[in-house]
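Chains as they are written, first to last, in my numbering: chain P, 57 to 422; chain V, 57 to 422; chain F, 57 to 422.
This is the structure in structure tokens:
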């Protein structure tokens, strides 16, 4: 399947330069782009001057506003105002990966009381429990299991080996990468008597007599609620709530290996990057971005629009709009100052020792 | 299915107040609890005065010792001495999630030499290898695989997509959340000559000539041994031992995405929270609690009753009973002091610089 | 199956001492080694004098160069120059775990256009897509899925429940532990206007007006390329590239729960230990070792032969050959000094305060 360069410019809402009739079969890095033997072109992604240096003449390229296509001897070009946004449109228009023929694979085990929407595709060895409802246009890949009573909206894309427990509800356009688990039981235990952990939380580190203790399970009766346009990364895990549901707001995206504990409430349009962990009962506002390997303690509130740098560890509430970094996390500007000071700390210790000696000498002299 | 409020009080070993004949169909947060159209009640969990504020009159609630049911206009109440413990009993009595009909699903592939205990349930597409023994009352959900010779005790609950390798043994009442892997090969490699890592461990950071090196695999011949009442979280991984088994003691619970390396020995009644990692050959005592994202280096001993705060990184042995925090982990009281001092560090650096100038002036004057 | 002690010595390229005709059935820790009722021996791994203390007389052992077999009353011994290397050969020769009978299990769903090499074994419920090519001698365990057009080399060992997406290529002798996901979509999103994250990266923490923002997906058109002799740990995830492929060089080994983002290029003969995370588009050189829970920010270059200690967080480029530690990571020697100074920091703060008072008194006196 090909589209013309002019059609591509239109799809990207961008300006065409040169030959709009070039047939585009794909996209490539500049050094690998160009004309194929069948006369189609792979359009080069050259949206900074540095990338454009390796462009070969006669091909087609995506360039950023301000770059001159004539300077690179191109046959055609599409000039985009915001390159990364153009990438989104370009890659969407070229992605044929998740095409699945509609229909239910003969090996799938689907409970008679489940409802599968029109045009949905269900792959081999899929298991769908009683009272499940799947929206129209959903694609459910091989080895997925969906527990009793769960409800998935329209146009979901659920990749291979995903585990969705019972009582999970999701809006439209849900994407779940392979191996993710939605609706495991929460990690919630109690000891018959006050535990060491409870004591330490109260005393901030001091503990009386150590006692034998065993853990009694608090079962998870709540479900998981996902809004519209949610994406869950590969092998990520979202636990169900104890009584109310764990919830993830519309437009929020989770990367791979992210852990969301029981009762957690995540707002809308958040990004939780790779290996982020959020402990039980914490609340994350809207438009929050947690970079890779961030951690959030239990029962914490992170306000709207907070952005946390990589590996920040959040132990206390964070007010809305704050940009934070570090372990424990503080304001990013403060942490940058702290990090500078820490690098100088061994020298500072030496200077302090030297100064102490000098002052002693001064006092003896005085 | 409903129980009466009096029966619930009895199940929780707690005191009944008011109308014991109320029929309870579930539990809910106070704002969502109350009478249903069918005459049953959802009992409100209102075990602190703050939660009780949103109670609606005429319903039933769980209250903590010291709270007055009459003050909230309730029809009935159960007064519990330790609310979280009551939650355990309450949620257990209401959890119907993992109900599976006994018997082997026709799609399951079970080796003829495997023994499945009485009353066990085996879901669709389960694969059970030769010489496996599963205890009575086990529930094994869809897409689980269990390798040759593994032995699982009575009343196990193994959720969808769990991978249990060969030669794994587990006691009774094992719970494994979806996607967990028990018995992957250990991550153990050796270079034909001394590797850079070995050199650095000896010299603490100094390295001679850098050499080409490739990694030769040490195979894992040992298995994994799990005690009674062990729980393993979603997508967690436990590697097999090299020669002896990796082991997890009775009563120990692992949260999601926890990594336990080869040869590790974890004691009894421990809690390993989300995303904790324990590197190869380390030993963790009894009743140890590692909060989320803690890490333990290889070949370390963590004593009994140690509690580590979130994201603590443990590089050296920890004596029994110690409460630790930080990266690298130190006593929690020390770390709290260190964290305070670090926040003041930029100011301290400025004060030191100022003091140096002052002393120089004093010396010049003197 | 047994081998003689003489054959074992030959397999390990090591020196035989004593009775070479002893029949070896396995290996064990010294306290559990010795003669079995059937006349075979389990050879004791006693490669340090401390381990050798619990040897029982009359058995066989692996000893390190310089240890005297006569001192332990052994019947036979194999003297090895580099014990860990001998472990590799020994465990390989005794590992019977992944034996699978060649052939395709009747329940496997294999697309007619897929090519499976000679002698390959395919387990129950395996799903193999169109145009896939699997090399000779591959073993593909239960519940594995492999997407359209992927190419796996000779002698692969793909454990249960592994997810390989479309367009993934791998060299020979690939090992993938259970539950790993190769070829999930990259975590790459863009906002229609400049996002808060982009603004903060430019200003290092300062942000103007907070705007509503939603995330538009950049699709992943690239694949994943794995070299020869690559190993991927349990439940690890490797995302596909946006345009070019994400790649892992020959000889590189990944432990469990490792995250490799889209477009990442990892070199040859690296070790990425448990729970390491590498964010999108970063480049890791050859022979790099990242210890457990290390993190690498996006668009970073880590040079050849870098070694990073446990839980190091790498935010900036690292020159080749450097040994680093800490969060943020610095040279290991520097970090060791910093850690010492940090432990003394509360005391240092007190000393500084004291000194300030002294100097003020001196000034008043002066």
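Beta carbons: idealized from backbone N, C-alpha and C, even for Gly.
Bear in mind that the values here come from a model prediction, so they are computed numbers and not experimental data.
Is it true that the stretch 250-265 of chain V meets the stretch 187-206 of chain V, where meeting means three or more beta-carbon pairs spaced less than 8 Å apart?
With the cut-off at 8 Å, the stretch 250-265 of chain V and the stretch 187-206 of chain V do not touch.
Measure the beta-carbon distance from residue 239 of chain V to residue 222 of chain V and round it to whole angstroms, keeping in mind my assumption that it falls under 8 Å.
Contact holds; Cβ gap of about 7 Å.
Here's the rule: buried if 16 or more other CB atoms are within 10 angstroms of the residue's CB, otherwise exposed. What is residue 406 of chain P?
Looking at its Cβ environment, which holds fewer than 16 other Cβ atoms inside 10 Å, residue 406 of chain P is exposed.
Can you check DSSP and say which residues form a bridge with residue 204 of chain F?
According to DSSP, which records beta bridges pairwise, residue 204 of chain F is partnered with nothing at all.
Go through its chain and collect everything with a Cβ distance to residue 159 of chain F's Cβ below 8 Å, but skip five positions before and after it.
For residue 159 of chain F, where only same-chain residues beyond five positions count, the Cβ hits under 8 Å are 177 and 178.
With respect to the alpha helix (DSSP H) encompassing residue 252 of chain P, which residues constitute its N-terminal and C-terminal limits?
Unbroken alpha helix (DSSP H) run through residue 252 of chain P: 252-259.
Suppose the cutoff is 6 Å on Cβ atoms and the five residues either side in sequence are ignored; what does the same chain contact list for residue 218 of chain F look like?
Closer than 6 Å at Cβ, skipping near neighbours: 200, 232 and 236.
For my contact list, residue 246 of chain F and residue 143 of chain P are in at a C-beta cut-off of 8 Å; report their separation, rounded to the angstrom.
Residue 143 of chain P and residue 246 of chain F do touch by the CB rule: their CB atoms are close to 7 Å apart, below 8 Å.
Taking residue 370 of chain V and residue 352 of chain V to be in contact with their CB atoms under 8 Å, please state how far apart those CB atoms are, rounded to whole angstroms.
Cβ atoms of residue 370 of chain V and residue 352 of chain V come within 8 Å of each other, at about 5 Å.
How long is the line joining the alpha carbons of residue 459 of chain F and residue 315 of chain V, rounded to whole angstroms?
In the structure displayed, chain F extends from 57 to 422; residue 459 of chain F sits before or after that span and is not available.
Delimiting residues of the alpha helix (DSSP H) encompassing residue 72 of chain P:
That residue, residue 72 of chain P, is in no alpha helix (DSSP H); its beta strand (DSSP E) goes 71-74.
What are the start and end residues of the alpha helix (DSSP H) that includes residue 401 of chain V?
Its alpha helix (DSSP H) spans residues 401-421.
With residue 118 of chain F as the anchor, note down where its beta strand (DSSP E) starts and where it stops.
Judged by DSSP secondary structure, residue 118 of chain F falls within the beta strand (DSSP E) whose first and last residues are 116-120.
Considering only DSSP beta bridges, list what residue 295 of chain F is partnered with.
DSSP, once it has assigned bridges, lists F:240 as partnering residue 295 of chain F.
Measuring CB to CB, does residue 81 of chain P end up less than 8 Å from residue 58 of chain P?
Yes, the pair counts as a contact, with Cβ atoms nearer than the cut-off.
Start-to-end residues for the beta strand (DSSP E) that takes in residue 98 of chain V:
Annotation for residue 98 of chain V: the continuous beta strand (DSSP E) segment containing it runs 97-101.
Please decide whether residue 161 of chain P counts as near chain V, where near means a Cβ-Cβ distance under 8 Å.
By this cut-off, residue 161 of chain P is not an interface position.
For residue 228 of chain V and residue 191 of chain V, believed in contact at Cβ under 8 Å, the rounded distance
Contact between residue 191 of chain V and residue 228 of chain V holds: CB atoms are separated by about 7 Å, below the 8 Å threshold.
Answer yes if the stretch 279-291 of chain P comes into contact with the stretch 298-306 of chain V, meaning at least three C-beta pairs across the two stretches below 8 Å, and no otherwise.
No, because fewer than three Cβ pairs between the stretch 298-306 of chain V and the stretch 279-291 of chain P fall closer than 8 Å, the two stretches do not touch.
State the start and end residues of the unbroken alpha helix (DSSP H) segment that holds residue 85 of chain V.
Per DSSP, residue 85 of chain V is not a residue of any alpha helix (DSSP H), being assigned neither H nor E.
Residue 145 of chain F (DSSP reduced to helix, strand or coil)
If DSSP states are grouped into helix, strand and coil, residue 145 of chain F belongs with the helices.
So which residues of chain P does residue 408 of chain V contact, with C-beta pairs closer than 9 Å?
Under the 9 Å cutoff, chain P gives 404, 407, 408 and 411.
For residue 279 of chain V, verify whether its CB is less than 7 Å away from any heavy atom of the ligand FMN.
Ligands displayed in this structure: none; no statement on the ligand FMN is therefore possible.
Residue 140 of chain V (DSSP reduced to helix, strand or coil):
Residue state, collapsed to three classes: helix.
Which runs of the beta strand (DSSP E) spanning at least 3 residues fall entirely within the stretch 292-332 of chain F, listed in chain order?
Along the stretch 292-332 of chain F, the beta strand (DSSP E) occurs as fully enclosed runs of 3 or more residues at 293-295 and 302-304, listed in sequence order.
What residue from F:249, F:186 and F:282 has the CA that sits closest to residue 269 of chain F's CA?
Comparing Cα-Cα distances from residue 269 of chain F to each of F:249, F:186 and F:282, the minimum goes to F:249.
Considering just the uninterrupted stretch of the alpha helix (DSSP H) at residue 106 of chain F, what are its terminal residues?
Segment 105-108, the alpha helix (DSSP H) holding residue 106 of chain F.
Going straight from the alpha carbon of residue 188 of chain F to that of residue 311 of chain P, what length do you get?
When rounded, the separation of the alpha-carbon atoms in residue 188 of chain F and residue 311 of chain P is 27 Å.
For a quick check, are the C-beta atoms of residue 139 of chain V and residue 120 of chain V less than 8 Å apart?
For residue 139 of chain V and residue 120 of chain V, yes; Cβs fall inside 8 Å.
Candidates F:174, F:313 and F:397, of which the one nearest residue 350 of chain F by Cα:
Checked all of F:174, F:313 and F:397; the closest Cα to residue 350 of chain F is F:313.
Closer than 7 Å by beta-carbon distance: list the chain P residues that pair up with residue 269 of chain F, in chain order.
Neighbours of residue 269 of chain F on chain P, chain order: 325 and 343.
At 7 Å on the CB atoms, spell out the chain F contacts of residue 85 of chain P, in chain order.
Here the neighbours are 299 and 300.
Thinking C-alpha only, which one of P:181, P:211, P:68 and P:169 is nearest residue 147 of chain P?
Among P:181, P:211, P:68 and P:169, the Cα nearest to that of residue 147 of chain P is on P:68.
How would you list, in chain order, the residues of chain F whose beta-carbon sits under 7 Å from the beta-carbon of residue 369 of chain V?
What residue 369 of chain V touches in chain F: 366 and 367.
Under the three-state DSSP convention, the category residue 274 of chain V falls into
Correct three-state label for residue 274 of chain V: coil.
Name, going along the chain, the residues of the stretch 349-362 of chain P whose beta-carbon falls closer than 7 Å to a beta-carbon of chain V.
Listed by position along the chain: 351 and 353.
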